[in-house]
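**Student:**
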Amino acid sequence: MNSNKLIVFVLSIARYLRLKGVKVSPMDSVDALRSLMFFENPSRRLIYSVLKTIFVKRYEDYFIFDSLFQLLYNQIFNQQEEGGEEAIIQSLKALDNIIIEQAMESNQDNINLGYKVMYSPYESKSKRELRIQEYKDVIYVRRSLRLLAKLLATYKGLRYESKRKGLIDMRRTYRKNLSYGGDIITLMKKDRKLNKAKILLICDISGSMDDHSEKLFALMYCVANKFHKGSTFCFSTRLLNVSDYLKGCTFERAKENLSEKIDIWKSGTRIGLALSTLVNDYSTFLDQRTIMIIVSDGLDLGDAEILKNSMKEIKRKVKYVVWFNPLADEKDYRPYAIGMRAALDYIDVFAPFSYLWNEKYLRKEIIKQLSNSKSKNILFQAQKELNV
Amino acid sequence: MYNLESLSLEDLKNIFEQAKYVADENILLSVFLSLKLKKPLLIEGEPGCGKTEIAKVLSSGLNTELIRLQCYEGLTASETIYEWDYMRQLIEIKIKEAYKDTANLENYIFSEKFLLKRPLLKAILHEGPMPPVLLIDEIDRADEEFEGFLLEFLAEYQVTIPELGTFKAKQEPIVIITSNRTRELGDGLRRRCLYLYIGYPNYEKELKIVKLKVPQLNEKISEQIVKIISKIREMDNILKKPGISETLDLSRAVNVSNLKELNSSTILKYLGCIAKNPDDFSTLLKVDFSSLISEQNK
């Protein structure tokens with residue numbers, strides 16, 4: 026095989042992979058060429074395997090590489106024999122057009138669905154095509170979740186900090202007592218830092234929450250992938266554990282998974298039933314290290330008693346219950362919906378959904394609601410009004 | 004004894020064959036390029052598909068030391084590089100004081116004698132004809148901060164101890180990093196490594212593995228086991244799909260019972276080898292294995 030042609034091929038495939046969003050650095054191209062030099066007259070299969078090993082850095086990108094390799098190999102090597110350099114340039118230009126067209130197709134936004142969002146208690150099996158959205162959402166929500174986990178930390182990590190009580194810190198003791206010639210006079214203590222939280226996210230994906238699907242997806246993706254001990258569930262008429270569809274996946278693949286494999290999007294709302302399933306079937310997820318985050322508008326006309334009992338049980342088992350409600354973004358909102366009313370007594374922090382994308386407001390709200398100034402917060406006011 | 008400089012793809016194939024590891028072309032080529040380009044190899048894949056085994060095979064085949072760093076949440080850089088043995092240092096100070104021999108004491112107590120070497124430092128200080136195999140196992144369990152530290156280590160292969168100075172690896176270790184994909188790894192780490200994904204094997208490969216690892220098992224039963232396992236993997240409602248290690252566990256369990264033919268009651272009896280959580284256990288209890296077996300017999 027002509028080495029010049031091989032160089033053109035390697036550099037072209039690296040360039041097209043970059044166009045397709047696969048991160049291939051110039052150093053990778055150099056490595057690929059160096060690797061191919063280990064073999065005399067490498068076969069098509071060998072070139073394929075070598076380039077795949079060097080260029081592809083995540084499982085999801087294998088499929089992009091496979092399709093590009095086939096396309097490019099045929100374009101370059103088959104036409105090269107016939108038309109020389111000119112043919113290569115022509116075929117690469119043709120390939121440019123194909124790739125650009127594909128990229129434009131995938132970036133097209135979905136058409137407005139044009140239906141009115143409303144509550145329903147019934148199940149309708151439907152899938153949801155999640156629109157293209159920016160990864161930025163995940164970054165912002167990650168900051169807020171980290172803040173939340175830090176403020177409401179539930180368990181000790183493996184890192185130590187200096188404390189007055191705890192284990193003897195040999196390192197600090199030794200350093201502190203060096204001035205006494207090694208005689209132990211002052212004992213330094215250490216204990217593990219309280220800096221971790223296990224997050225359990227429960228998202229309402231019923232019809233009434235449909236407008237927030239994209240944001241919910243970013244939140245679910247973030248909890249599943251950016252937190253070691255994060256679990257994600259979603260519910261409408263049923264409760265589903267979706268962690269496995271999100272964990273370890275790229276943003277795009279996770280979106281596809283949720284669009285294709287979840288069939289309860291835009292269905293009715295049965296919060297009580299979903300939470301009782303959580304209590305009965307997934308009790309291992311509920312412990313004193315858990316912060317349970319519920320994202321729902323609370324529009325549930327189901328049996329309030331089931332919801333109340335489930336919330337009671339959940340509150341007993343987990344450390345904190347945090348409820349984010351998209352309706353609370355409105356200034357005059359009061360949590361009077363039947364679902365919200367039943368759950369009120371068992372919520373530690375109640376905040377508007379949009380605060381998950383606003384670190385400053387979220388911090389203020391959490392501190393306010395966990396401190397003694399309860400009279401200022403919306404939750405306390407609603408409870409008071411309901412009692413009256 | 005192999006030499007890394009002159010090691011060929013054929014030699015590597017022999018190493019894997021001798022260790023009874025069924026390696027396909029992808030695995031062989033990735034390991035080969037990692038050795039030749041002196042780049043770490045990041046292996047991702049389903050649990051129990053032989054990721055860690057690759058490092059073990061390499062160390063035994065190349066006749067070199069295997070240094071294993073098992074990652075876990077909260078793992079810090081100091082736990083992976085070095086720690087001072089404070090207790091011994093204190094005792095030593097007392098002894099020296101008793102003998103009134105305190106000259107040059109500070110240098111003495113901060114010497115290598117009191118250094119507890121952890122895996123990364125061990126890999127750097129390794130002396131021998133062959134570089135050691137450094138296995139960084141289940142990196143996805145470690146924190147992102149540790150991943151960041153690892154980037155620096157993998158770029159320079161050097162460690163600085165303030166009291167002793169900087170240690171640079173005489174020969175760069177062969178680094179194998181494994182991940183079960185429980186969380187997304189950073190792009191920086193991916194960029195510095197060659198990448199290999201090991202998925203579930205196809206029927207032929209898995210049968211070959213079973214025959215190689217459990218040679219005493221009846222051939223017909225081996226085939227049945229492999230087919231049943233691949234059927235279970237196809238089931239959507241199984242949360243933790245059985246890997247190769249589960250296939251081997253079941254094969255060994257069946258082998259012990261000296262059966263001539265596989266039946267549904269045997270599979271149900273050894274269900275613990277395949278199902279690793281209560282949900283999967285109850286799902287598999289409902290599966291009609293007898294019809295699956297009779298289907299295969301036809």
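Chains H and Z supply the protein sequences, listed in that same order. Under this note's numbering, the first residue of the first sequence carries the number 26, and numbering increases by one thereafter. Under this note's numbering, the first residue of the second sequence carries the number 4, and numbering increases by one thereafter. Cβ atoms here follow ideal geometry from the backbone N, Cα and C, with glycine treated the same way. Just so it is clear, the structure is predicted and the values come from calculations on it, not from any experiment.
Give me the chain H residues within the contact set of Z/Gly51, using Cβ-Cβ distance strictly less than 7 Å, ordered along the chain.
**Tutor:** Chain H residues near Z/Gly51: none, gap ~16 Å exceeds 7 Å.
**Student:** If you draw a straight line from the alpha carbon of H/Asp91 to that of H/Ala39, how long is it in whole angstroms?
**Tutor:** 13 Å
**Student:** Enumerate in chain order the residues of its own chain whose CB-to-CB distance from H/Ala318 is below 6 Å, with the five nearest sequence positions on each side excluded.
**Tutor:** Looking at the sequence shown, residue 318 of chain H is not Ala but Ile. Leu226, Val347.
**Student:** Thinking just about the alpha-carbon of each residue, which of H/Lys286, H/Lys344, H/Ser268, H/Leu298 is nearest to the one in H/Arg314?
**Tutor:** H/Lys344
**Student:** Under 9 Å between the Cβ atoms of Z/Leu242 and Z/Leu167?
**Tutor:** no
**Student:** Using a cut-off of 8 Å between C-beta atoms, extract the partners of Z/Tyr2 located in chain H.
**Tutor:** No answer is possible for residue 2 of chain Z: the residues shown for chain Z start at 4 and end at 301.
**Student:** In this structure, does DSSP put Z/Thr105 in helix, strand or coil?
**Tutor:** When DSSP states are grouped into helix, strand and coil, Z/Thr105 belongs to the coil group.
**Student:** What does Z/Thr79 reach in chain C if we use C-beta pairs closer than 8 Å?
**Tutor:** Within the model displayed, chain C is absent; protein chains H and Z are what it includes.
**Student:** Determine which residues share a DSSP beta bridge with Z/Gln161 and list them.
**Tutor:** Z/Lys171
**Student:** Count the other C-beta atoms from every protein chain shown that fall within 10 angstroms of the C-beta of Z/Lys23, then say buried if there are 16 or more, exposed otherwise.
**Tutor:** Z/Lys23 sits exposed, since fewer than 16 C-beta atoms from the chains shown fall within 10 Å of its C-beta.
**Student:** Closest to Z/Pro122 by C-alpha separation, out of Z/Arg236, Z/Ser114, Z/Pro135, would be which residue?
**Tutor:** Out of Z/Arg236, Z/Ser114, Z/Pro135, Z/Pro135 has the C-alpha closest to the C-alpha of Z/Pro122.
**Student:** Cβ atoms of Z/Gly189 and Z/Gly51: under 9 Å apart, would you say?
**Tutor:** no
**Student:** Please state the DSSP three-state secondary structure of H/Thr257.
**Tutor:** strand
**Student:** Mind listing which residues of the stretch 265 to 294 of chain Z have their C-beta closer than 7 Å to chain H's C-betas, in chain order?
**Tutor:** Those would be none; no residue qualifies.
**Student:** Using a Cβ cut-off of 9 Å, which residues of the stretch 43 to 70 of chain H contact any Cβ in chain Z, in chain order?
**Tutor:** Lys48, Ser50, Met52, Asp53, Asp56, Arg59, Ser60, Phe63, Phe64, Arg70
**Student:** Report the residue from H/Ser37, H/Leu58, H/Lys82, H/Asp357 whose alpha carbon sits nearest the alpha carbon of H/Lys48.
**Tutor:** For the residues H/Ser37, H/Leu58, H/Lys82, H/Asp357, the minimum Cα distance to H/Lys48 belongs to H/Lys82.
**Student:** Can you give me the C-alpha to C-alpha distance between H/Lys141 and H/Asp312, rounded to a whole angstrom?
**Tutor:** Annotation note: pLDDT 36 at H/Lys141 (below 50); position unreliable, coordinate value reported separately. When rounded, the distance between both Cα atoms is 39 Å.
**Student:** The beta strand (DSSP E) spanning Z/Leu199 covers which residue range?
**Tutor:** 197 to 201
**Student:** Contact check, Z/Leu31 vs H/Thr78 under 8 Å by CB: the rounded distance?
**Tutor:** Rounded, the Cβ-Cβ distance is 10 Å, inconsistent with contact.
**Student:** Looking at C-alpha atoms only, which residue of H/Asp235, H/Phe310, H/Lys280 is the closest neighbour of H/Asn266?
**Tutor:** H/Phe310
**Student:** Going straight from the alpha carbon of H/Ile287 to that of H/Arg69, what length do you get?
**Tutor:** 40 Å
**Student:** Please classify H/Asn350: does DSSP put it in a helix, a strand, or coil?
**Tutor:** DSSP, reduced to helix, strand and coil, places H/Asn350 within a strand of the structure shown.
**Student:** Would Z/Phe113 pass as an interface residue toward chain H - the criterion being a Cβ-Cβ separation below 9 Å?
**Tutor:** no
**Student:** Verify the CB distance criterion: does H/Arg314 have a CB-CB separation below 9 Å to chain Z?
**Tutor:** no
**Student:** If contacts are defined as beta-carbon pairs under 8 Å, then H/Met18 and H/Ala368 qualify, I think. What distance do you get, rounded to the angstrom?
**Tutor:** Because chain H in this structure spans residues 26 to 413, residue 18 of chain H falls outside the shown range and cannot be described.
**Student:** By DSSP, does Z/Thr67 sit in helix, in strand, or in coil?
**Tutor:** coil
**Student:** Would H/Thr211 pass as an interface residue toward chain Z - the criterion being a Cβ-Cβ separation below 9 Å?
**Tutor:** no
**Student:** Residues of the stretch 257 to 269 of chain H in Cβ contact with chain Z at a cutoff of 7 Å, in chain order, please.
**Tutor:** Asp269
**Student:** Taking only runs that begin and end inside the stretch 171 to 214 of chain H, name each unbroken alpha helix (DSSP H) of 4 or more residues, in chain order.
**Tutor:** 195 to 201
**Student:** Does the beta carbon of Z/Asn107 sit closer than 9 Å to a beta carbon anywhere in chain H?
**Tutor:** no
**Student:** Can you confirm whether Z/Leu242, when its beta carbon is compared against all beta carbons of chain H, has any partner nearer than 9 Å?
**Tutor:** yes
**Student:** Per DSSP, H/Ala376 is paired with what?
**Tutor:** Under DSSP, H/Ala376 forms a beta bridge with H/Phe349.
**Student:** Please return the same chain residues whose Cβ sits closer than 7 Å to the Cβ of Z/Ser63, not counting the five positions on each side in sequence.
**Tutor:** Ala22
**Student:** Suppose the cutoff is 6 Å on Cβ atoms and the five residues either side in sequence are ignored; what does the same chain contact list for Z/Pro327 look like?
**Tutor:** Given a span of 4 to 301 for chain Z in the structure shown, any question on residue 327 of chain Z remains unanswerable.
**Student:** Could you confirm whether any beta carbon from chain Z is found closer than 9 Å to the beta carbon of H/Asn417?
**Tutor:** The structure shown has nothing for residue 417 of chain H, since chain H only spans 26 to 413.
**Student:** List the whole-angstrom C-beta distance separating Z/Arg194 from H/Ser50, where the pair is believed to meet the contact cut-off of C-beta under 8 Å.
**Tutor:** 6 Å
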